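One structure is given below, encoded as C-alpha cells.
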Amino acid sequence: MASKRELQEILKDRYGINKNISDALSQPDCERMLALLEQEPSALKLVETFAEKNLSLGRNNAQYGQQRGRAERKLETLQVEYQQLEQSVQSLEQSNAALAARKQQLESQQQQLEGDILTLEFKVGDLASKNTDLTEANTQLKKDNKELKNTVDLIKLRLTRDMKELLKYEDSELRKMAIRLFRWTLG
1 MASKRELQEI LKDRYGINKN ISDALSQPDC ERMLALLEQE PSALKLVETF
51 AEKNLSLGRN NAQYGQQRGR AERKLETLQV EYQQLEQSVQ SLEQSNAALA
101 ARKQQLESQQ QQLEGDILTL EFKVGDLASK NTDLTEANTQ LKKDNKELKN
151 TVDLIKLRLT RDMKELLKYE DSELRKMAIR LFRWTLG
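Laid out in C-alpha cells, this is it:
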C-alpha cells in the first residue's frame, strides 16, 4: 500500500494534479481518486481540463507576480523620486522666500538711494545757485578792485605831481617830510 505522498506524486505525474490540490485529500481519498481516473474517461477529461487550466492559471499567476514585482519596484523608484522632488520643491520654496526677502531689501535700498539722489540733486542745485552768486560777486569785486586801483593810481599820480611842486620850495624840513611821505605812498 502506497503512502499519501507517493499517491500525490502519482496524481501529479500521471494526471497533472498539483500537490497543493491533492494535499487537502486524505490517503483513502487519493486512492479513490486514482481509481476513479483510471475507470472513468469523463472524470479523466475533467481532471485534465482542470490541470491545464490550473497550469495556465499558474503561468498567469507567475506572469502577474513578475508584473507585480516590477510594479512594486517601479512604485519604490517613483516614491524615491517623489521624495526627492518634494525635497527639491521645499528647497526651491525656501530659496524663493530668501530671494523675495532679498528683493524686498534691495527695493528698500533703491528707494533710500532714490531719496538720497533727490536730496543731492537739491543740494547740487543750491550749490550751483550759490556758485552763480559767488561768480557774480567775484566779477563785481574784480571790477571794484580795478576801479580802486585806478583811483589809487590817480591819487599817486596827483600826489607825485603835488610833491614835485612842493619839492621846488627851499625849506629843507618841508622837503624832508615831503620826501618821506612820497616814499611811504609809493610803498
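So the sequence shown is numbered by the working numbering: it starts at 1 and just counts up by one. Don't be surprised by glycine CBs; every beta carbon is placed ideally from N, CA and C. Values in this document were obtained by computation on a predicted structure and should not be read as measured data.
I need the straight-line Cα distance from Asp23 to Glu72, nearest angstrom please. Rounded to the nearest angstrom, the gap between the Cα atoms of Asp23 and Glu72 is 32 Å.
In whole angstroms, what separates the C-alpha of Leu61 from that of Ala100? Here residue 61 is Asn; the residue named in the question, Leu, does not match the sequence. Cα-Cα distance, rounded: 56 Å.
Report yes if the C-beta distance between Leu34 and Leu55 is below 9 Å; otherwise report no. The Cβ atoms of Leu34 and Leu55 lie no closer than 9 Å to each other.
Would DSSP call Ala101 helix, strand or coil? Reduced to three states, the DSSP call for Ala101 is helix.
Rounded to whole angstroms, what's the CA-CA distance from Gln109 to Val89? Just pull it up for me. For Gln109 and Val89, the distance between alpha carbons rounds to 30 Å.
Could you check if Ala178 is buried or exposed, using at least 16 other CB atoms within 10 Å of its CB as the buried criterion? Classification for Ala178: buried.
Segments of 4+ residues assigned as alpha helix (DSSP H) that fall wholly inside the stretch 101-138: Assignment of alpha helix (DSSP H) within the stretch 101-138, counting only whole runs of 4 or more residues, yields no such run.
Per-residue DSSP class, three states only, for Glu40: Note: Glu40 maps to coil in three-state DSSP.
Give the C-beta separation of Arg175 and Leu167 to the nearest angstrom, bearing in mind that I take them to be a contact with Cβ-Cβ under 8 Å. Rounded to whole angstroms, the Cβ separation of Arg175 and Leu167 is 6 Å, and the two are in contact under 8 Å.
Assign Ile17 to buried or exposed, taking buried as 16 or more other Cβ atoms, counted over all protein chains shown, within 10 Å of its Cβ. Classification of Ile17: buried, given that the 10 Å Cβ count is 16 or more.
Consider the C-beta atom of Tyr64 and the heavy atoms of the ligand FMN; say whether any pair is separated by less than 8 Å. No copy of the ligand FMN appears in this structure; indeed no ligand is present at all.
Give the straight-line distance between the Cα atoms of Val124 and Leu113, rounded to the nearest whole angstrom. In a straight line, the C-alpha of Val124 is about 16 Å away from that of Leu113.
When the distance is taken between beta carbons, is Gln27 closer than 9 Å to Ser3? Their beta carbons are under 9 Å apart, which means Ser3 touches Gln27 by this criterion.
Applying the criterion that 16 or more other CB atoms from any shown protein chain within 10 Å of the CB defines a buried residue, is Leu37 buried or exposed? The Cβ neighbour count for Leu37, taken over all protein chains shown within 10 Å, is at least 16; the residue is labelled buried.
For Leu11, count the other beta carbons within 10 Å of its own beta carbon; 16 or more makes it buried, fewer makes it exposed. Which is it? Leu11 is buried by the Cβ-count criterion.
Check whether the Cβ atoms of Lys156 and Thr185 lie closer than 9 Å to each other. For Lys156 and Thr185, yes; Cβs fall inside 9 Å.
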